[in-house]
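S.K.: As they're listed, the protein sequences go chains A and B.
Take the first sequence: its position 48, counted from the start at 1, is 48 in the working numbering, and no numbers get skipped.
Take the second sequence: its position 130, counted from the start at 1, is 249 in the working numbering, and no numbers get skipped.
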Amino acid sequence: MMSNVMRESHIMKIHYLTAMLAVALVIVHIMVRIVQGFSDSLLFDNVVANYQFIPYAILLEAVLVLISVHGFNGLRVILLELKQGRAYENAVTYGCLAGMIILVAYGSRTIIMTSMGMV
Amino acid sequence: MATVHPQLLKEKSETGKSSKSIILRISKFNPKKDSKSTFLEFTVPYQNWTTVLDAILEVKNYLDHSIGVRYSCRQATCGSCGMIINGKPKLACFTKISELNSNVITVEPMNNFPLIRDLVVGFERMFSTHKRIKPYIIREDSEITSATKEFLQSPEDVEKYIQFAGCIKCGLCNSACPTMATDSTFIGPQALAQAYRYIADNRDQGKDKRLRIIDERHGIWGCHFAGSCSQVCPKGVDPAMGIQLLRGYLLGYRK
């Protein structure tokens, strides 16, 4: 069981830390978007250019990881409070862990491929 | 059913003590027999000092002997008569009718506890979580073998935990807790407040054991800090604060 691997307080420390870091990095992200012209943010060329600017790609990757970890753990906590039972709790815990890994992997793939000019 | 015992009203009017009355609505439900709960209504005379428990016992004595209610000390010490009074968890013996400012008083069993009958709920789970956190001083030596024969504490040492020692295990905090309403395995504010009570006691050496017990999936982290536990405590214990202080130990900013 996950709780045997990590104590709940360790998980919650990660939860709080990812929240604080995500807020800080998302502020930077929004400020960059405002400085560069918010309305043009989603133009194809601009998006590709953002990914190819390595410091910004690292920022986006960090935001992806932080929000995925925080979000899926938050979802896990909510679902565990809704219903109890060993099988259900294990399914929720490992399901959220899998969801988090898949989202980070898929997002990272997009960021890495675009920054390497493969798109 | 609205009813009043004629003898009861006659006695009250003869003595001239009571001119006021309220309608007391009592939840009636036996899980072994009934399919759903109903409310019985009684008109009960009262004085300024009449408590809700007095009114319930008057109904039980004169109007309906079958009403299930648990009580003992009648002075907010035993923690037996907790119930939902006009929507809020309160001790019936510690709640005067006159302070409720309502002509209709509805009494129901406490939330988040298994119902035994009418106003009586089962405390087994609360007592078991209370026992789980080891509600006693843990240390290697004892006062008898200690050189000083007793473990002296300064007023400051006592101040750290004394308000939490006031818990009478009435269960009102657990009844008011929104997390307990959804998570049936949550350890609950009562046990957490008592965990803090012993951890904050400088005679105790069981901090690590207790922190390990509460640091689990349905332990301390389930608390959303709604604060309703502290609001309803009849003894002035502040479980919400105790929980936040315990989190300080677990997050490492309290030693």
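Ideal placement from N, C-alpha and C gives every residue a C-beta, glycine not left out.
Keep in mind the model is a prediction, meaning the values are calculated, not measured.
1) Counting only C-beta atoms, is B/Asp327 closer than 9 Å to chain A at any point?
2) Which bits of chain A does B/Arg144 rub up against, with CB to CB less than 8 Å?
3) Quick check on B/Ser273: buried or exposed, where buried means 16 or more other Cβ atoms within 10 Å of its Cβ?
4) In terms of alpha-carbon separation, which member of B/Leu219, B/Arg258, B/Leu210, B/Tyr372 lies closest to B/Asp320?
5) Closer than 6 Å by C-beta to B/Ser347: which residues in its own chain qualify, once you throw out the five before and the five after it? Chain order, please.
6) Would you decide whether B/Asn220 is buried or exposed? Buried here means 16 or more other CB atoms lie within 10 Å of its CB.
7) Just mark A/Val92 as buried or exposed, buried being the case when its beta carbon has 16 or more other beta carbons within 10 Å.
8) Do the CB positions of A/Thr124 and A/Ala57 come within less than 9 Å of each other?
9) Which residue's Cα is closest to the Cα of A/Leu97: A/Ile112, A/Val65, A/Met116, A/Gln84?
10) Distance check for A/Val32 and B/Phe246, CA to CA, integer angstroms please.
11) State yes or no: is the beta carbon of A/Ile80 nearer than 9 Å to at least one beta carbon in chain B?
12) Examine chain A for any beta-carbon lying closer than 9 Å to the beta-carbon of B/Leu383, and answer yes or no.
13) Using only CA atoms, which one of B/Phe270, B/Lys207, B/Ile203 lies nearest to B/Val239?
14) Please report how far the alpha carbon of B/Phe78 lies from the alpha carbon of B/Cys352, in whole angstroms.
15) B/Trp340 CB to nearest chain A CB: under 9 Å?
16) Check the Cβ-Cβ distances between B/Thr225 and every residue of chain A, and say whether any is below 9 Å.
17) Can you list, in chain order, the residues of its chain with a C-beta nearer than 6 Å to that of A/Ala87? Leave out the 5 residues immediately preceding and following it.
18) Rounded to the nearest angstrom, what separates B/Glu269 and A/Ile101 at their Cα positions?
19) Which residue's Cα is closest to the Cα of A/Leu82: B/Ile281, B/Leu271, B/Asp302?
20) Which partner residues of B/Leu234 appear in the DSSP bridge assignment?
21) Alpha carbon to alpha carbon, how far is B/Ile145 from B/Ala121? Give it in angstroms, no decimals.
22) Quick one: does B/Ser303 have its CB under 9 Å from some CB of chain A?
23) Apart from the five residues on each side of it in sequence, which residues of its chain come closer than 6 Å, Cβ to Cβ, to B/Lys116?
24) In or out: B/Pro150 buried (at least 16 other Cβ within 10 Å) or exposed?
25) For a contact meaning CB atoms closer than 8 Å, what does B/Arg336 contact in chain A?
26) Strictly below 7 Å CB to CB, what residues from chain B border A/Met20?
27) So, helix, strand or coil for A/Thr18, using DSSP?
28) I need the straight-line Cα distance from B/Asp276 to B/Gln324, nearest angstrom please.
M.R.: In terms of the structure at hand:
1) Taking the second sequence and counting its residues from 1, one reaches residue 327 of chain B at position 208. Put simply, the CB of B/Asp327 is far from chain A, with every gap to its CB atoms at 9 Å or more.
2) Taking the first residue of the second sequence as position 1, residue 144 of chain B is located at position 25. Against B/Arg144, chain A offers no close residue; the least beta-carbon distance is about 32 Å (beta-carbon pairs closer than 8 Å).
3) Here residue 273 of chain B is taken as the residue at index 154 of the second sequence, counted from 1. Exposed.
4) Counting from one through the second sequence, the residue named residue 320 of chain B turns up at place 201. The shortest Cα separation from B/Asp320 among B/Leu219, B/Arg258, B/Leu210, B/Tyr372 belongs to B/Arg258.
5) Here residue 347 of chain B refers to the residue found at position 228 when the second sequence is read from its first residue. Cβ within range, chain order: Ala295.
6) One-based indexing of the second sequence puts residue 220 of chain B at position 101. By the neighbour-count criterion, in which 16 or more other beta carbons inside 10 Å mark a residue as buried, B/Asn220 falls on the exposed side.
7) In the first sequence, residue 92 of chain A corresponds to position 92, counting from 1. Label assigned to A/Val92: buried.
8) No information on residue 124 of chain A is available, as it lies outside the stretch 1 to 119 that chain A covers here.
9) Stepping through the first sequence from its first residue, residue 97 of chain A is reached at position 97. Nearest C-alpha to A/Leu97 among A/Ile112, A/Val65, A/Met116, A/Gln84: A/Val65.
10) What you label residue 246 of chain B is simply residue 127 of the second sequence in a count that begins at 1. What you label residue 32 of chain A is simply residue 32 of the first sequence in a count that begins at 1. Taking the straight line from one Cα to the other gives about 56 Å.
11) Here residue 80 of chain A is taken as the residue at index 80 of the first sequence, counted from 1. Just to set this straight, residue 80 of chain A is Leu in the shown sequence, not Ile. Closer than 9 Å to some Cβ of chain B, the Cβ of A/Leu80 qualifies, so yes.
12) Since the first residue of chain B shown is 120 and the last is 374, residue 383 of chain B is not available in this structure.
13) Counting from one through the second sequence, the residue named residue 239 of chain B turns up at place 120. Closest by alpha carbon: B/Ile203.
14) Outside the displayed span of chain B (120 to 374) sits residue 78 of chain B, for which this structure offers no information.
15) Locating residue 340 of chain B in the second sequence gives position 221, counting from the first residue. Closer than 9 Å to some Cβ of chain A, the Cβ of B/Trp340 qualifies, so yes.
16) Along the second sequence, read from residue 1 onward, the residue named residue 225 of chain B stands at position 106. By this cut-off, B/Thr225 is not an interface position.
17) Within the first sequence, numbered from 1, the residue matching residue 87 of chain A stands at position 87. No residues qualify anywhere along the chain.
18) Within the second sequence, the letter at position 150 stands for residue 269 of chain B. Within the first sequence, the letter at position 101 stands for residue 101 of chain A. Near 56 Å, if we compare the C-alpha coordinates of A/Ile101 and B/Glu269.
19) As a working note, residue 82 of chain A is residue 82 in the first sequence. Per the Cα distances, B/Asp302.
20) Stepping through the second sequence from its first residue, residue 234 of chain B is reached at position 115. Answer is B/Val240.
21) By 1-based counting over the second sequence, the position of residue 121 of chain B is 2. By 1-based counting over the second sequence, the position of residue 145 of chain B is 26. Annotation note: pLDDT 49 at B/Ala121 (below 50); position unreliable, no value reported.
22) One-based indexing of the second sequence puts residue 303 of chain B at position 184. Interface residue (Cβ-Cβ distance to chain A less than 9 Å): B/Ser303 is classified as such.
23) No answer is possible for residue 116 of chain B: the residues shown for chain B start at 120 and end at 374.
24) The sequence position of residue 150 of chain B within the second sequence is 31, counting from 1. Looking at its Cβ environment, which holds fewer than 16 other Cβ atoms inside 10 Å, B/Pro150 is exposed.
25) On the second sequence, position 217 is the one that residue 336 of chain B refers to. Within chain A, the residues Ser3, Glu8, Leu80, Glu89 have their CB atoms less than 8 Å from the CB of B/Arg336, given in chain order.
26) Residue mapping note: residue 20 of chain A aligns to position 20 of the first sequence, counting from 1. The premise fails here: A/Met20 is roughly 13 Å from chain B at the closest Cβ pair, so nothing lies under 7 Å.
27) For the purposes of this step, residue 18 of chain A is taken as the residue at position 18 of the first sequence. Helix at A/Thr18.
28) By one-based count along the second sequence, residue 276 of chain B stands at place 157. By one-based count along the second sequence, residue 324 of chain B stands at place 205. The alpha-carbon atoms of B/Asp276 and B/Gln324 are separated by roughly 14 Å.
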